[in-house]
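Accompanying notes for the structure given below.
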């Protein structure tokens with residue numbers, strides 16, 4: 001097989017509310033599982049400020065009160081991905097691959113390592129010496145975490161994915177124990193790079209690296225085109 005003969009549908013989206021993006025992922029997973037959708041899909045986007053709690057997450061990992069978060073207008077959402085608590089916000093690139101691991105001939109470990117490799121390669125384009133950590137998933141610069149991974153799998157189809165700190169404000173990470181680890185610091189490409197980090201450039205780099213690491217082509221599709229393909233109602237307000 002030609003290394004890039006396989007295509008994934010690709011939606012390059014703007015800032016999307018977390019719950020709206022989650023609803024979209026679930027609709028795609030359902031369509032992929034029941035055969036209504038035969039292609040894998042990748043969503044690329046950013047979120048407005050939100051904390052998410054994975055299966056191992058608990059409110060005890062918040063270092064501030066819920067009233068404080070309400071004042072800051074940052075919701076907390078419980079979800080089904082792996083991992084603990086994390087923060088998403090503008091300037092953090094999120095990639096959600098909704099893919100059939102069996103058809104890709106990948107184990108879960110293979111898949112996670114490829115997501116890490118994507119982030120490592122993107123960081124390298126900005127001359128950031130990111131690396132893996134022997135104890136914890138994600139990509140790191142020294143003891144500080146640059147990118148996180150949390151996935152779920154439903155009947156062999158993945159959803160959720162990676163979050164790479166590009167030019168994100170890191171302050172909200174100070175209000176939690178990221179990933180439930182008290183000794184974890186967070187960093188960003190902007191903090192680690194000697195040059196300005198433009199999120200459009202981070203998006204373009206990430207697209208290239210996903211294609212190279214997974215050996216696929218990304219076929220651009222608008223949100224409305226994907227909605228029509230899924231044969232579902234509008235997934236969120238335009």
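Numbering (our numbering), first residue to last: 1 to 238.
All C-beta atoms in this analysis are idealised placements derived from N, C-alpha and C, irrespective of residue type, glycine included.
For residue i, collect the residues of the same chain with a Cβ closer than 8 Å to its Cβ; drop the 5 residues on either side in sequence, then sort them by chain order.
{"i": "residue 174", "result": "63"}
{"i": "residue 15", "result": "45, 46, 47, 48 and 90"}
{"i": "residue 228", "result": "none"}
{"i": "residue 230", "result": "27, 28, 31, 36 and 37"}
Thinking C-beta only, is residue j closer than 9 Å to residue i?
{"i": "residue 48", "j": "residue 12", "result": "no"}
{"i": "residue 152", "j": "residue 80", "result": "yes"}
{"i": "residue 29", "j": "residue 159", "result": "yes"}
{"i": "residue 204", "j": "residue 86", "result": "no"}
{"i": "residue 100", "j": "residue 50", "result": "no"}
{"i": "residue 168", "j": "residue 193", "result": "no"}
{"i": "residue 93", "j": "residue 199", "result": "yes"}
{"i": "residue 216", "j": "residue 6", "result": "yes"}
{"i": "residue 105", "j": "residue 177", "result": "no"}
{"i": "residue 68", "j": "residue 221", "result": "no"}
{"i": "residue 195", "j": "residue 126", "result": "yes"}
{"i": "residue 40", "j": "residue 103", "result": "yes"}
Tell me the residue span of the beta strand (DSSP E) that contains residue i.
{"i": "residue 36", "result": "It is not in any beta strand (DSSP E) - residue 36 carries neither H nor E in the DSSP assignment."}
{"i": "residue 217", "result": "217 to 220"}
{"i": "residue 173", "result": "Segment: none, residue 173 is in no beta strand (DSSP E) and carries neither H nor E."}
{"i": "residue 231", "result": "Element bounds for residue 231: n/a, residue is neither H nor E."}
{"i": "residue 88", "result": "85 to 88"}
{"i": "residue 98", "result": "92 to 98"}
{"i": "residue 7", "result": "7 to 15"}
{"i": "residue 40", "result": "40 to 46"}
If I follow the unbroken alpha helix (DSSP H) through residue i, where does it start and stop?
{"i": "residue 200", "result": "199 to 214"}
{"i": "residue 167", "result": "Per DSSP, residue 167 belongs to no alpha helix (DSSP H) and is neither H nor E."}
{"i": "residue 187", "result": "Careful: residue 187 lies outside any alpha helix (DSSP H) and carries neither H nor E."}
{"i": "residue 134", "result": "Premise fails: residue 134 is in no alpha helix (DSSP H) and is neither H nor E."}
{"i": "residue 108", "result": "108 to 125"}
{"i": "residue 62", "result": "Per DSSP, residue 62 belongs to no alpha helix (DSSP H) and is neither H nor E."}
{"i": "residue 143", "result": "It is not in any alpha helix (DSSP H) - residue 143 carries neither H nor E in the DSSP assignment."}
Using the rule of at least 16 other Cβ atoms within 10 Å of the residue's Cβ for burial, across every protein chain shown, is residue i buried or exposed?
{"i": "residue 61", "result": "buried"}
{"i": "residue 108", "result": "exposed"}
{"i": "residue 165", "result": "buried"}
{"i": "residue 219", "result": "exposed"}
{"i": "residue 38", "result": "exposed"}
{"i": "residue 214", "result": "buried"}
{"i": "residue 143", "result": "exposed"}
{"i": "residue 35", "result": "exposed"}
{"i": "residue 145", "result": "buried"}
{"i": "residue 135", "result": "exposed"}
{"i": "residue 190", "result": "buried"}
On the premise that residue j lies in contact with residue i, defined as a C-beta separation below 8 Å, what is that separation, rounded to the nearest angstrom?
{"i": "residue 95", "j": "residue 42", "result": "7 Å"}
{"i": "residue 74", "j": "residue 172", "result": "7 Å"}
{"i": "residue 154", "j": "residue 33", "result": "7 Å"}
{"i": "residue 149", "j": "residue 184", "result": "Wrong, their Cβ atoms sit about 14 Å apart, outside the cutoff."}
Ignore the nearest five residues each way along the sequence and tell me which others in residue i's own chain have a CB closer than 6 Å to its CB.
{"i": "residue 121", "result": "209"}
{"i": "residue 237", "result": "Bear in mind that a pLDDT of 47 at residue 237, under 50, signals an unreliable position, so the number given afterwards is only what the model happens to contain. If we look at residue 237 and ignore the five residues flanking it on each side, it has no Cβ neighbours."}
{"i": "residue 123", "result": "130"}
{"i": "residue 133", "result": "140"}
{"i": "residue 53", "result": "78 and 85"}
Kindly list the residues whose CB is nearer than 7 Å to the CB of residue i, restricted to its own chain and excluding five residues on each side of it in sequence; keep chain order.
{"i": "residue 186", "result": "144, 145, 165, 170, 173 and 178"}
{"i": "residue 117", "result": "213"}
Would you verify that the beta carbon of residue i is, or is not, closer than 9 Å to some beta carbon of chain C?
{"i": "residue 32", "result": "The chain labelled as chain C is not found in the depicted structure, where only one protein chain is given."}
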